[in-house]
Amino acid sequence: MSTYYAGLFADVGILLLGALSVYVILATGQLSLGNAGFMGIGAYLASYLTVTLQWPLTAALVAAALACGAIGIIVGFPALRLRGIYLAMATLGFGEMVRSFFLNFEPMGGSGGFHGMTHVSLGTIWLWAGGVLLAVLVLERSRLWLELRAVHDDETAAGLVGLDTTLTKVGAFGFGAAIAAIAGGLFAHHHVYIEPANFGFERSIEFVLAVILGGSTVGPGALVGAMLIVMLPEWLRVVADWRLAAFGAFLILVLLTRRQGILDRPLLARLAFRRSAA
Amino acid sequence: MRAIAPQPLLDLANVSKMFGGVSALSDVSIRIPEGRIVGVIGPNGAGKTTLFNVVTGAFRASSGAVTFADEPITHWPSYRIARAGIARTFQNIRLFASMTVFEHLLVAQPHQGAGIRRFLPARRADPEAWRRAEEALAFFGLAAYRDRIAASLPYGIQRKVEMARALTARPRLLLLDEPVAGMNHDEAAELRTLLRQLQDRGLTILSIEHDMAFVMTLCEMLYVLDFGVLIAEGSPAEIRSNPVVIDAYLGSEA
Ligand SMILES: Nc1ncnc2c1ncn2[C@@H]1O[C@H](COP(=O)(O)OP(=O)(O)OP(=O)(O)O)[C@@H](O)[C@H]1O
Ligand SMILES: [Mg+2]
Numbered sequence: 001m002s003t004y005y006a007g008l009f010a011d012v013g014i015l016l017l018g019a020l021s022v023y024v025i026l027a028t029g030q031l032s033l034g035n036a037g038f039m040g041i042g043a044y045l046a047s048y049l050t051v052t053l054q055w056p057l058t059a060a061l062v063a064a065a066l067a068c069g070a071i072g073i074i075v076g077f078p079a080l081r082l083r084g085i086y087l088a089m090a091t092l093g094f095g096e097m098v099r100s101f102f103l104n105f106e107p108m109g110g111s112g113g114f115h116g117m118t119h120v121s122l123g124t125i126w127l128w129a130g131g132v133l134l135a136v137l138v139l140e141r142s143r144l145w146l147e148l149r150a151v152h153d154d155e156t157a158a159g160l161v162g163l164d165t166t167l168t169k170v171g172a173f174g175f176g177a178a179i180a181a182i183a184g185g186l187f188a189h190h191h192v193y194i195e196p197a198n199f200g201f202e203r204s205i206e207f208v209l210a211v212i213l214g215g216s217t218v219g220p221g222a223l224v225g226a227m228l229i230v231m232l233p234e235w236l237r238v239v240a241d242w243r244l245a246a247f248g249a250f251l252i253l254v255l256l257t258r259r260q261g262i263l264d265r266p267l268l269a270r271l272a273f274r275r276s277a278a
Numbered sequence: 279m280r281a282i283a284p285q286p287l288l289d290l291a292n293v294s295k296m297f298g299g300v301s302a303l304s305d306v307s308i309r310i311p312e313g314r315i316v317g318v319i320g321p322n323g324a325g326k327t328t329l330f331n332v333v334t335g336a337f338r339a340s341s342g343a344v345t346f347a348d349e350p351i352t353h354w355p356s357y358r359i360a361r362a363g364i365a366r367t368f369q370n371i372r373l374f375a376s377m378t379v380f381e382h383l384l385v386a387q388p389h390q391g392a393g394i395r396r397f398l399p400a401r402r403a404d405p406e407a408w409r410r411a412e413e414a415l416a417f418f419g420l421a422a423y424r425d426r427i428a429a430s431l432p433y434g435i436q437r438k439v440e441m442a443r444a445l446t447a448r449p450r451l452l453l454l455d456e457p458v459a460g461m462n463h464d465e466a467a468e469l470r471t472l473l474r475q476l477q478d479r480g481l482t483i484l485s486i487e488h489d490m491a492f493v494m495t496l497c498e499m500l501y502v503l504d505f506g507v508l509i510a511e512g513s514p515a516e517i518r519s520n521p522v523v524i525d526a527y528l529g530s531e532a
């Protein structure tokens, strides 16, 4: 595989993780526009552990995920009080807060960034991305996910049938933050250099976009979305300067015709039926 | 030790609920004995639904105390109250938009302990809940709709799903908010039979209803609310001949 495609596939894997981090939070009806913040914390923490403390990458990623999961839970509590665009704005604020923290945090290079990480292979990135995707797909078939969907569909009714909506929503925030941290750690070791600007709100938006485009109600949607967002602008190179405009037009077209994104439950069921019939 | 006069299953003591300056419930005291079918009636805006919302923890009472099965549930979150044994249906049907009929029946049986099993598929996580959901499906005649999205089904079926969802949780107290609204005579009669069967099995029922004929034939005891105030309580016969009630409510229907 050419290094060109290797680079693109690495981007897809990292974006897939970012999209999944948004997806599991969205599954409880909460829209987070601050996941680049969690990603940034994960990136810096994992890099500190491997470069300064000489930890192996796997241990550093696990530690970053756990730490970020805890931070996600802390962020999840005030988030309970907010809905819809208010929650979106508050999480956006959180992301920017993290970015400006690292901008001023000289021990990790401040605005100059941080480097010294060893390059991670494409295989390792996809081991993580594929593993997390698989975990989410397994989780989607669980009893717990049914509870998540109830909270997503009607939080009040979910509480009234005996579901602990607080635990569900806060837990989803923690899990999403942990996934974002893994995305961050892999990003840092793929680019071997990070700076606060890598984790701005555009990246948070990109995560959300991947989920909405690919299908916001099913896990594989994140994969489809991440592929399209990375690959489509490349394939559209034929239209040269217009490729981003063409991409935007495609996005609008999808959302106008399929609000739930490209993949949804009925479509997946039809695909599965075709396969078993064939 | 058994008390001489048994504690009621549900006990509201001087419960008030304010919305801004509006008093939706003022100083309401209600006692529901176990195993009874009790009705709540009153004109629109009387505070009937608010009463249910306070009991189920959807709203917090402004003052007063709610006791259920000797537990002080006034400040409990709604999921805890549900798990303690109170289930309800809604005046405006509230189903989970993405769920099939069967999923509604599964999700309404929340796990009590063993958190880790929740990561398993629903059937393996709790085979007992799965079996009860299948049973409820048959009992309510919903088997044909098992895997359909509940919210896309006809209104009458949706009502049944709501009722089935409330009952698969195996509550001790069932709160019904206008269960016969929009039903024809036969459907109402069928529901009455069902509620009596449930009563025979030991369920306590508190039902809000506008349909007087239904209430009078179903309930053994009635509470009448008007502008958030409890204006009367008693047997259907007593309520029917109570001048205050006729004035505030029944009279307006004639
Ligand atoms: N969430 C709320 N916020 C503000 N006011 C409310 C709220 N819920 C109810 N109210 C008010 O409380 C009063 C009682 O309403 P409630 O819904 O309990 O009446 P009801 O007896 O159920 O009436 P209906 O027969 O029309 O269903 C009304 O004045 C209503 O406007
Ligand atoms: Mg009402």
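Residue numbers (the numbering used here), protein chains in the order written: chain A, 1 to 278; chain B, 279 to 532.
Backbone N, C-alpha and C define an ideal beta-carbon position, used for all residues, glycine too.
Small disclaimer: the values here were computed from a predicted structure and weren't measured.
### Task
May I ask you to report which of helix, strand or coil DSSP gives D504/B?
strand
### Message
Starting from L452/B, trace the alpha helix (DSSP H) in both directions and tell me its first and last residue.
### Response
Segment L451 to D455 is the beta strand (DSSP E) holding L452/B; no alpha helix (DSSP H) there.
### Query
Can the beta-carbon of G29/A be found less than 8 angstroms from the beta-carbon of E140/A?
E140/A sits away from G29/A, with the two beta carbons spaced by 8 angstroms or more.
### Query
R143/A touches chain B at which residues, Cβ-Cβ below 8 angstroms?
L384, H389, R395, R396, F397, L398, P399, A400, A403 and D404
### Query
So is the beta-carbon of T327/B under 7 angstroms away from any non-hydrogen atom of ligand 1?
If you check the C-beta of T327/B against ligand 1, you find a heavy atom less than 7 angstroms away.
### Reduced DSSP category for L66/A - H, G, I as helix; E, B as strand; rest coil
helix
### Query
Taking Cβ positions, are P284/B and I310/B nearer each other than 8 angstroms?
no
### Task
Determine the DSSP secondary structure at L255/A, reduced to helix, strand or coil.
helix
### Query
Does the beta-carbon distance from V439/B to L484/B come in below 8 angstroms?
no
### Task
Taking V211/A as part of the alpha helix (DSSP H), name the residues at either end of that continuous run.
F201 to G214
### Message
Between which residues of its own chain and A429/B is the CB-CB distance below 6 angstroms, once the five residues before and five after are set aside?
### Response
Only L373 and A375 meet the Cβ criterion.
#### Entry: Nearest-angstrom Cα separation, counted from G434/B out to A177/A
43 angstroms
### Within-8 angstroms CB hit, A157/A to chain B
True, the Cβ-Cβ gap to chain B drops below 8 angstroms.
### Message
Taking the beta carbon of D455/B as the centre, do at least 16 other beta carbons fall within 10 Å, making it buried, or is it exposed?
### Response
The residue is buried, with at least 16 neighbouring Cβ atoms inside 10 Å.
### Task
Could you run through the segment 329-350 of chain B and flag, in chain order, every residue whose CB is less than 7 angstroms away from some CB of chain A?
T334 and A336
### Query
Considering only residues of the same chain and omitting the five flanking positions on each side of L431/B, which have a CB-CB separation below 8 angstroms?
The answer, listed in chain order, is V379, Y423 and V439.
#### Entry: DSSP three-state assignment for V379/B, whether helix, strand or coil
V379/B falls in the helix class under three-state DSSP.
### Straight-line gap, I524/B to R518/B (C-alpha atoms, nearest Å)
Taking C-alpha positions only, I524/B is separated from R518/B by approximately 7 angstroms.
### Task
Taking V254/A as the query, report the chain B residues whose CB atoms sit under 7 angstroms from its CB, ordered along the chain.
Correct list: empty, because the minimum Cβ distance to chain B is about 20 angstroms.
### Message
Between which two residues does the beta strand (DSSP E) holding F346/B run?
### Response
That run of the beta strand (DSSP E) goes S341 to F346.
### Query
Are there 16 or more other CB atoms within 10 angstroms of the CB of V12/A, so buried, or fewer, so exposed?
buried
### Message
How far does the beta strand (DSSP E) with F417/B in it extend, from its first residue to its last?
### Response
F417/B -> not in any beta strand (DSSP E); alpha helix (DSSP H) instead, spanning P405 to F417.
### Task
Could you list the residues in the segment 164-176 of chain A with a C-beta less than 8 angstroms from some C-beta on chain B, going in chain order?
D164, T165 and T166
### Message
At the level of alpha carbons, what is the spacing between R410/B and T446/B?
### Response
7 angstroms
### Beta-bridge partners of G512/B, as assigned by DSSP
L500/B
### Message
Using a 10 Å radius around the Cβ and a threshold of 16 neighbouring Cβ atoms, would you call L384/B buried or exposed?
### Response
buried
### Message
Just checking: is the beta-carbon of L528/B within a distance shorter than 8 angstroms of some beta-carbon in chain A?
### Response
Chain A contact via Cβ: absent.
### Task
Output yes or no for whether 8 angstroms exceeds the beta carbon distance between L160/A and A6/A.
no
### Task
Determine, using beta carbons only, whether A339/B and A291/B come nearer to each other than 8 angstroms.
Cβ atoms of A339/B and A291/B: not closer than 8 angstroms.
### Opposing strand residues paired with R309/B [DSSP bridges]
D289/B
### Query
Between N104/A and ligand 1, is the CB less than 7 angstroms from at least one heavy atom?
no
### Query
Taking the alpha-carbon positions, what's the T327/B to Q369/B distance?
8 angstroms
### Query
So, is E195/A buried or exposed, given that buried needs 16 or more other C-beta atoms within 10 angstroms?
buried
### Endpoints, the beta strand (DSSP E) within which T482/B is located
T482 to I486
### Query
For L303/B, does the three-state DSSP call read helix, strand or coil?
strand
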